[in-house]
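*Asks:* After the structure tokens below, expect a handful of questions from me.
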Amino acid sequence: MPKAAALEKAQALRTQIHRIFGTVSEGAGPLSSSLLFWQQSLKNPVQICSVFPSRPSVGKSMCEAVGECNGKPVIELGAGTGAITRQLLGSGIKAHDLTAVELDREFASFLSRKYPGVDVLNMGAEEIADLWLKRKSPKVGAVVSTLPIKLFDDALQHRILGSMLDVMAEDASFVQLTYRLKSPIKKEVYENLGLKAKCDRAVWQSIPPAFIWKYERA
Ligand SMILES: C[S@@+](CC[C@H](N)C(=O)[O-])C[C@H]1O[C@@H](n2cnc3c(N)ncnc32)[C@H](O)[C@@H]1O
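When we follow the numbering used here, the leftmost residue of the sequence shown carries the number 100, and every step to the right adds one.
This is the structure:
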């Protein structure tokens, strides 16, 4: 199909979706959350990088990988519509200890309505550490990320991981979800930052199987 015709088709589809789901982001229930996710992923497939929110089994495993944070704050990167946020709160992390970072404005405003006690920041993950240090917030017990970090270039991976290290407690982990077996963060990047990496667990019942990687100070 010629490029112009394909673009026109995509635009028509977007308009249809907007007509049908235009008010989806006003709601906050599970249906509106899935529809909003779908709507935004069609609008911005590269940034969102998935058509469905993470499955509960994936969120549960991520919480297990995070472990005990002893009341330290937790930062979630790429919170989307809150599939992992919900599980983090369910695992015992208090809403006032959780900061959810999300680049998409619709998602961020949805999250703020759905989880009023959580500090929702509508900004890029790469900007959070500066803000954290400016606010003089305490060091975090864990960073939980579902960012499509594998798609980021080395410089951006380095910037995100390196800046988060500045706000992480000595024993804190950076926990990252991926759907490939290999580390989604380049070896040169994490080694250059003095980190070691391991695939902490696999979620085989997820389709496709999910892998949870942990990066910690070596
Ligand atoms: C694969 S989705 C995960 C969403 C949700 N956490 C889940 O598990 O269902 C990745 C999310 O990261 C967000 N994102 C992508 N790049 C980002 C960045 N640089 N800073 C913050 N969020 C970003 C996207 O908008 C999207 O919501």
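The C-beta atom is built at its ideal place from N, Cα and C for all residues, glycine as well.
With distances taken from CA atoms, which of 210, 162 and 218 is nearest residue 191?
*Replies:* 162
*Asks:* Among 263, 315, 311 and 258, which one has its Cα closest to the Cα of residue 172?
*Replies:* 263
*Asks:* On the three-state DSSP scale, how would you describe residue 272?
*Replies:* strand
*Asks:* May I ask which residues mark the beginning and end of the alpha helix (DSSP H) holding residue 289?
*Replies:* Element bounds for residue 289: 286-291.
*Asks:* Roughly how many whole angstroms lie between the Cα atoms of residue 271 and residue 101?
*Replies:* 51 Å
*Asks:* Look up residue 303 in the DSSP assignment and say whether it is helix, strand or coil.
*Replies:* When DSSP states are grouped into helix, strand and coil, residue 303 belongs to the coil group.
*Asks:* Report, in whole angstroms, the separation of the C-beta atoms of residue 228 and residue 177, which I expect to be a contact under 8 Å.
*Replies:* That belief does not hold up - the Cβ atoms of residue 228 and residue 177 are roughly 15 Å apart, past 8 Å.
*Asks:* Identify every run of the alpha helix (DSSP H) within the segment 237-274, keeping only runs that are complete inside it and at least 4 residues long; order them along the chain.
*Replies:* You should have 253-264.
*Asks:* Under DSSP, the alpha helix (DSSP H) around residue 209 begins and ends at which residues?
*Replies:* 204-213
*Asks:* Verify the contact flag: residue 246, CB atom, against every heavy atom of ligand 1, threshold strictly below 7 Å.
*Replies:* yes
*Asks:* Can you tell which of 167, 310 and 234 has the C-alpha that lies nearest to the C-alpha of residue 153?
*Replies:* 310
*Asks:* With a CB to CB cut of under 8 Å and the five nearest residues on each side skipped, what residues in its chain are close to residue 297?
*Replies:* 312 and 313
*Asks:* Kindly give me the distance between the Cβ atoms of residue 92 and residue 146, rounded to whole angstroms, as I take these residues to be in contact under 8 Å.
*Replies:* Nothing about residue 92 can be reported from this structure: the residues present for the chain run from 100 to 317 only.
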